[in-house]
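**Student:**
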Amino acid sequence: MATPARVERTPWVSVREISRRPLVLLALLVIAIAAVLIVRASRHGGDKTQIMTSPVEARSIALTIEATGTVEPIDLVEVKSKASGLITHMPVQVGSFVKKGALLAQIDPRDVENQYNQARAAVRAAEANVTVTTAAKLRSDALFKQQFITADEHEKATLDFANAQAQLVTARTNLDLA
4 MATPARVERT PWVSVREISR RPLVLLALLV IAIAAVLIVR ASRHGGDKTQ IMTSPVEARS
64 IALTIEATGT VEPIDLVEVK SKASGLITHM PVQVGSFVKK GALLAQIDPR DVENQYNQAR
124 AAVRAAEANV TVTTAAKLRS DALFKQQFIT ADEHEKATLD FANAQAQLVT ARTNLDLA
């Protein structure tokens, strides 16, 4: 018996072996799917955003902003008085606009007047003390020249005179500040 000849087949099918009809159907299917996708995309992308327009005109814009926080001034001005005492009259309120030289507050003048009177009395007392110590220093100078007093007594009289002059300067300064 004769052995039949073996024919080997490759897994690859040549294009000639495939009929043309399935290829045409496959190509038509791909074209149909592409057409459907294009139509769908044009329908969904076709919605256009509506835009409102208006003619240009000049007008003011009201802008309101609500926020939580602390309002702080750019410049902080602190108003102080050299005088202290009880405020008897205050014609302006906190936050009011004032002009230069305007009365902001009136202080009870009795305390200031009393301080001034005390400073004036201190000046008079210091002047009297300078008069007394001047006379004492002049006597001390004369007595020290004649060697009737010791150097310690003369230095004490000179020191008392210098202290009296310093007290007078201090009293006059306090009077100027009162």
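Residue numbers for the sequence shown follow the numbering used here, beginning at 4 and rising by one.
Yeah, the Cβ is synthetic: ideal placement off N, Cα and C, and Gly gets one too.
(1) So, A174 versus A129, is the Cβ gap smaller than 7 Å?
(2) Our contact map puts T247 next to F164 with C-beta atoms below 8 Å; I'd like the distance itself, whole angstroms only.
(3) For the alpha helix (DSSP H) that T192 lies in, which residues bound it at each end?
(4) Go to T137, then tell me how far its beta strand (DSSP E) extends in each direction, as first and last residue.
(5) Exposed or buried, S143, counting other C-beta atoms within 10 Å across all chains shown (16 or more means buried)?
(6) To the nearest angstrom, how far is the alpha carbon of V115 from that of V101?
(7) Please list, in chain order, all residues of the same chain as K140 whose beta carbon is under 7 Å from its beta carbon, the five residues on each side excluded.
**Tutor:** In this structure, then:
(1) yes
(2) The requested residue 247 does not occur in the structure, where the chain is confined to residues 4 to 181.
(3) Outside the shown range of the chain (4 to 181) lies residue 192, about which nothing can therefore be said.
(4) First-last for T137: 112–148, but that is the alpha helix (DSSP H), not the beta strand (DSSP E).
(5) buried
(6) 25 Å
(7) A160, T161, F164
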